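Undergrad: Residue numbers (our numbering): 380 to 684.
The beta-carbon is built from N, C-alpha and C at its ideal position, and this holds for glycine as well.
Here the structure is a predicted model, which is why all the values come from computation and not from measurement.
Below you will find the structure I want to go over with you.
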């Protein structure tokens with residue numbers, strides 16, 4: 380799903396992106412497209428821009444170099460300050476495929492845990508120009524954009540040990556990557572549902588007063604985190620009911636989307652949610668090996684998120 384547009388022709392409108400101010404000098408580029416996108420030139424995920432007193436940090440340069448170029452061009456309309464850092468919140472290609480745009484500008488790209496290995500071994504069919512981070516961070520990191528502090532913290536749940544959040548304390552803005560899908564059906568097969576639930580509980584406590592830019596979907600606050608936690612709880616409840624009833628996997632995966640989620644986008648991912656829940660919860664196969672075995676069986680169209 381590579382963008383066909385070049386940097387000279389891609390626009391926010393053509394990419395399906397809306398620029399939204401989240402705080403003083405902090406912006407989100409909010410993607411509106413459903414998944415899978417009809418037009419490969421449209422952004423799948425959200426991107427972030429944090430402007431400090433002496434430089435800029437950007438988060439998740441989308442799925443292609445053209446869209447990454449658009450992100451940097453957008454920064455240039457907001458400030459004359461240079462971009463100093465690029466952060467990938469996890470390894471999935473819709474958040475990292477734009478890394479070549481950063482590399483061509485000789486910008487350092489930061490990621491967490493096994494992100495380099497995962498990108499190089501898992502993203503090849505989706506990304507023909509894989510550019511992994513040169514800087515791998517673990518634990519708690521603080522970056523300074525002049526007088527502005529930016530915190531990078533690691534959490535678990537979505538993408539096998541590569542998830543990281545970005546938080547700007549002075550503005551109380553949290554950028555979650557795909558630890559939060561807001562008003563979107565999530566991609567869960569590459570993570571651990573119960574661990575993800577625990578992470579959301581922690582985020583709800585630690586960032587209760589933050590404005591939240593999710594990996595996918597509109598800007599929200601703690602209510603969005605709570606809503607997504609409820610979605611995962613509903614998924615677990617389904618899987619526990621299947622276990623009690625002796626439901627087969629075929630029957631489980633045929634479960635219809637609950638009516639309360641009928642207005643969510645990314646509904647094409649719901650069957651993979653059901654299959655992951657069946658394997659992880661109903662069968663109790665939530666170890667890393669079983670998750671990766673399941674991931675390997677999925678079509679490329681659902682591995683992007």
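With a floor of 3 residues, list each beta strand (DSSP E) that falls wholly inside the segment 502-587, ordered by position along the chain.
TA: 514-516, 520-524, 527-533, 543-547, 552-560
Undergrad: Have a look at residue 507 and residue 628 and give me their C-alpha separation to the nearest angstrom.
TA: 34 Å
Undergrad: Can you say whether residue 639 is buried or exposed, counting buried as having 16 or more other CB atoms within 10 angstroms of its CB?
TA: By the neighbour-count rule (16 or more Cβ atoms within 10 Å), residue 639 is not buried but exposed.
Undergrad: Output the distance between the C-alpha atoms of residue 717 and residue 654, rounded to the nearest integer angstrom.
TA: Outside the modelled stretch of the chain, which goes from 380 to 684, sits residue 717, for which no answer is possible.
Undergrad: Alpha carbons only, please: which of 403, 584, 451 is nearest the one belonging to residue 390?
TA: 451
Undergrad: The beta strand (DSSP E) that contains residue 595, what's its start and end?
TA: 590-595
Undergrad: Who are residue 654's beta bridge partners in DSSP?
TA: Answer by DSSP bridge pairing: none, since residue 654 is not bridged.
Undergrad: Residue 677 by DSSP, collapsed to three states: which one?
TA: For residue 677, the predicted model reports a pLDDT of 49, less than 50, meaning its position is unreliable; a value from the coordinates is still stated below. Here residue 677 sits in coil by DSSP.
Undergrad: Could you check if residue 581 is buried or exposed, using at least 16 other CB atoms within 10 Å of its CB as the buried criterion?
TA: exposed
Undergrad: Helix or strand or just coil, what does DSSP make of residue 488?
TA: Of the three classes helix, strand and coil, the one that applies to residue 488 here is strand, per DSSP.
Undergrad: Put residue 635 into one of helix, strand or coil per three-state DSSP.
TA: coil
Undergrad: For residue 688, count neighbouring C-beta atoms within 10 Å of its own C-beta (all shown protein chains included) and say buried if the count is 16 or more, exposed if not.
TA: The shown model of the chain, from 380 to 684, leaves out residue 688, and the question about it has no answer.
Undergrad: So, under 8 Å CB-CB, residue 545 and residue 435 are touching, yes? Tell me the CB distance rounded to an integer number of Å.
TA: The Cβ separation is near 13 Å, so there is no contact.
Undergrad: Tell me which residues share the same chain as residue 536 and place their Cβ nearer than 7 Å to its Cβ, disregarding the 5 neighbours each side in the sequence.
TA: Same-chain partners within the cutoff: 542, 558, 570, 571, 574, 575, 578.
Undergrad: How would you label residue 449, buried or exposed, when you count the other beta carbons within 10 angstroms and need 16 or more for buried?
TA: Counting Cβ neighbours within 10 Å, residue 449 comes out buried, since at least 16 surround it.
Undergrad: Given this structure, state the Cα-to-Cα distance separating residue 388 from residue 472, to the nearest angstrom.
TA: 22 Å
Undergrad: Does DSSP classify residue 624 as helix, strand or coil?
TA: helix
Undergrad: With 16 other CB atoms within 10 Å as the buried threshold, where does residue 455 fall?
TA: Exposed, by the Cβ-count rule.
Undergrad: Leaving out five residues on either side along the sequence, give the residues of the same chain with a beta carbon under 8 Å from the beta carbon of residue 397.
TA: 391, 408, 409, 411
Undergrad: Using the Cα positions of residue 461 and residue 431, report the straight-line distance between them to the nearest angstrom.
TA: One C-alpha to the other measures close to 10 Å.
Undergrad: Considering only DSSP beta bridges, list what residue 410 is partnered with.
TA: 396
Undergrad: Would the beta-carbon of residue 401 fall within 9 Å of that of residue 602?
TA: no
Undergrad: May I ask you to report which of helix, strand or coil DSSP gives residue 388?
TA: coil
Undergrad: Using 8 Å as the cut-off, can you tell me whether the segment 611-631 makes contact with the segment 580-594, which would need three or more C-beta pairs spanning the two stretches below that distance?
TA: Taking a cut-off of 8 Å for Cβ pairs, the segment 611-631 and the segment 580-594 do not touch, as fewer than three such pairs fall below it.
Undergrad: For the segment 405-489, list the alpha helix (DSSP H) runs that are entirely contained and at least 4 residues long, ordered along the chain.
TA: 444-457, 472-475, 478-482
Undergrad: Leaving out the 5 sequence neighbours to the left and right, which residues in its chain are closer than 7 Å to residue 421 when beta-carbon positions are compared?
TA: 394, 395, 412
Undergrad: In three-state DSSP terms, what is residue 402?
TA: strand
Undergrad: Closest by CA to residue 600, which one among 444, 585, 613, 612?
TA: Across the set 444, 585, 613, 612, the C-alpha of 585 shows the shortest separation from the C-alpha of residue 600.
Undergrad: Measuring straight from C-alpha to C-alpha, what distance separates residue 514 and residue 468?
TA: 13 Å
Undergrad: Does the beta-carbon distance from residue 426 to residue 405 come in below 9 Å?
TA: no
Undergrad: Which residues in the same chain have their Cβ closer than 6 Å to the Cβ of residue 631, if we skip the five residues on either side of it in sequence?
TA: 621, 653, 657
Undergrad: Which whole-angstrom value is the C-beta distance of residue 494 and residue 502, which I expect to be below 8 Å?
TA: At roughly 10 Å, the Cβ-Cβ gap does not stay under 8 Å, so residue 494 and residue 502 are not in contact.
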